[in-house]
Amino acid sequence: MAPENTIKLLFITALCFAIDVSARIVPNSDEKPENRYHGMPAEHKTEYLKSVDHAHVDSNLKNICSKTDSPAFCLSSVSSFVKGRATVDAALDASIRAGTSYAKYVGDQIKTLGQKSRPEEASIYKDCSEFYQSAVDGFGEALKAHPAHDIGRMNSELSGVMTWISTCDDEFDEAGIASTLTVYAQKLRNFAGLSLSLVGQMK
């Protein structure tokens, strides 16, 4: 094959490869955000939606989140679930619901880990499963107290969520076993902490 033909063939091959890669990487601009994460693990959906919709985050929500301990976590957790003009009430509702969903997810992971654990760890996972169910219940009670703006009850229930998480951590520490739930626990603390911070903004 002549050298010039070889060069043309290589160029065409490279161009086709680049087009194929671009098609895989760049999402369809007409595609709805909620369809782009179909099949993605549940724990990653919120973060992904944040990256998709960040440019459209309501300025009022940005202001609300800026007053929390972790503005970035606040935005990534609730921005996709607050529609229209954001309010503290809407952000709090989204935060509590997101925390509830995540606590349920962690509870399922604990059950799976418990089934695969060593005998000396089985009782810890069993206890932690109950503790995280109590955390789910705590979020639920806080959500019930929200419409009445019962700040005292919400603070109590959300603080209780923190306590249940720490109680699980303590069982691992007392047994001298490294916890496999550290990352889960920290993220759930973030949800509870965010909710408490938003309760603090209520008038």
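The sequence shown runs -23 to -1, 1 to 180 under mature numbering (1 follows the signal peptide of the UniProt record, and there is no 0).
We put the beta carbon where it would ideally sit given N, CA and C, even for glycine.
Just so it is clear, the structure is predicted and the values come from calculations on it, not from any experiment.
Pull up the CB-CB distance for Ala170 and Asp46, whole angstroms please, since I reckon it's below 8 angstroms.
Within the sequence shown, residue 170 is the residue found at index 193, counting from 1. Within the sequence shown, residue 46 is the residue found at index 69, counting from 1. In the sequence as displayed, the identity of residue 170 is Gly instead of Ala. Right, the Cβ-Cβ distance comes to about 6 angstroms (below 8 angstroms), so this counts as a contact.
Report all residues from its chain with a CB closer than 7 angstroms to the CB of Glu148; omit the five preceding and five following residues, and keep chain order.
In the sequence shown, the residue the question calls residue 148 occupies position 171. For Glu148, where only same-chain residues beyond five positions count, the Cβ hits under 7 angstroms are Ile101, Asp104 and Cys105.
Assign Thr45 to one of three DSSP states: helix, strand, or coil.
Counting from one through the sequence shown, the residue named residue 45 turns up at place 68. Here Thr45 sits in coil by DSSP.
Within a Cβ cutoff of 7 angstroms, which residues of the same chain sit near Met139, ignoring the five residues on either side of it in sequence?
Counted from its first residue, the sequence shown places residue 139 at position 162. Cβ within range, chain order: Arg166 and Ala169.
Using CA coordinates, which residue listed in Gly137, Lys44, Ser43 and Asp150 is at the minimum distance from Phe116?
Locating residue 116 in the sequence shown gives position 139, where the first residue counts as 1. Closest by alpha carbon: Gly137.
Three-state secondary structure (DSSP) at Leu135?
The residue you call residue 135 lines up with position 158 of the sequence shown. Helix.
What is the rounded straight-line gap between the Cα of Ser57 and the Cα of Gly91?
By 1-based counting over the sequence shown, the position of residue 57 is 80. By 1-based counting over the sequence shown, the position of residue 91 is 114. Approximately 33 angstroms between the Cα atoms of the pair.
Can you list, in chain order, the residues of its chain whose CB lies under 7 angstroms from that of Val65, leaving out five sequence neighbours each side?
Numbered from its first residue, the sequence shown carries residue 65 at position 88. Around Val65: Ile41, Leu175, Gln178 and Met179.
For His126 and Ala119, what's the separation of their Cα atoms in angstroms?
To locate residue 126, count along the sequence shown from 1; it is residue 149. To locate residue 119, count along the sequence shown from 1; it is residue 142. If you take the alpha carbons of His126 and Ala119, they lie about 10 angstroms apart.
Suppose you measure from the CA of Met131 to the CA of Leu173; what does that come to, to the nearest Å?
In the sequence shown, the residue the question calls residue 131 occupies position 154. In the sequence shown, the residue the question calls residue 173 occupies position 196. So the alpha carbons of these two residues sit roughly 8 angstroms apart.
What ranges does the alpha helix (DSSP H) occupy inside the segment 93 to 128, keeping only unbroken runs of at least 4 residues that lie completely in it?
Runs of the alpha helix (DSSP H) inside the segment 93 to 128: 96 to 122.
Work out the CA separation of Gln163 and Pro48 for me, nearest whole Å.
Residue 48 sits at position 71 when you count from the first residue of the sequence shown. Residue 163 sits at position 186 when you count from the first residue of the sequence shown. One C-alpha to the other measures close to 16 angstroms.
Could you work out which residue in Ser43, Lys121 and Glu97 is closest to Thr77 when comparing CA atoms only?
Here residue 77 is taken as the residue at index 100 of the sequence shown, counted from 1. Cα-wise, what sits closest to Thr77 is Lys121.
Within its chain, find whatever has a CB closer than 7 angstroms to the CB of Ile142; leave out the 5 residues flanking it on each side and keep chain order.
Mapped onto the sequence shown, residue 142 falls at position 165. The residues are Ala112, Ala162, Leu165 and Arg166.
Excluding sequence positions up to five away, which residues of its chain have a Cβ less than 6 angstroms from the Cβ of Thr144?
Residue 144 sits at position 167 when you count from the first residue of the sequence shown. Cβ neighbours of Thr144 beyond the five flanking positions: Phe108.
Cβ of Ser43 within 7 angstroms of Cβ of Val55?
Mapped onto the sequence shown, residue 43 falls at position 66. Mapped onto the sequence shown, residue 55 falls at position 78. Not a contact, by the Cβ cut-off of 7 angstroms.
Which word fits Glu151, buried or exposed, when buried means at least 16 other C-beta atoms lie within 10 angstroms of its C-beta?
Residue mapping note: residue 151 aligns to position 174 of the sequence shown, counting from 1. By the 10 Å Cβ count, Glu151 comes out exposed.
Since Ala68 and Leu38 should fall inside the 8 angstroms C-beta cutoff, what is the C-beta to C-beta distance between them, to a whole number of angstroms?
If you number the sequence shown from 1, residue 68 lands on position 91. If you number the sequence shown from 1, residue 38 lands on position 61. Yes, Ala68 and Leu38 are in contact; Cβ-Cβ is about 6 angstroms, under 8 angstroms.
For the alpha helix (DSSP H) containing Lys164, list its first residue and its last residue.
Mapped onto the sequence shown, residue 164 falls at position 187. Its alpha helix (DSSP H) spans residues Thr159 to Val176.
Assign Ser53 to buried or exposed, taking buried as 16 or more other Cβ atoms, counted over all protein chains shown, within 10 Å of its Cβ.
The count along the sequence shown starts at 1 and reaches residue 53 at position 76. Ser53 should be labelled buried.
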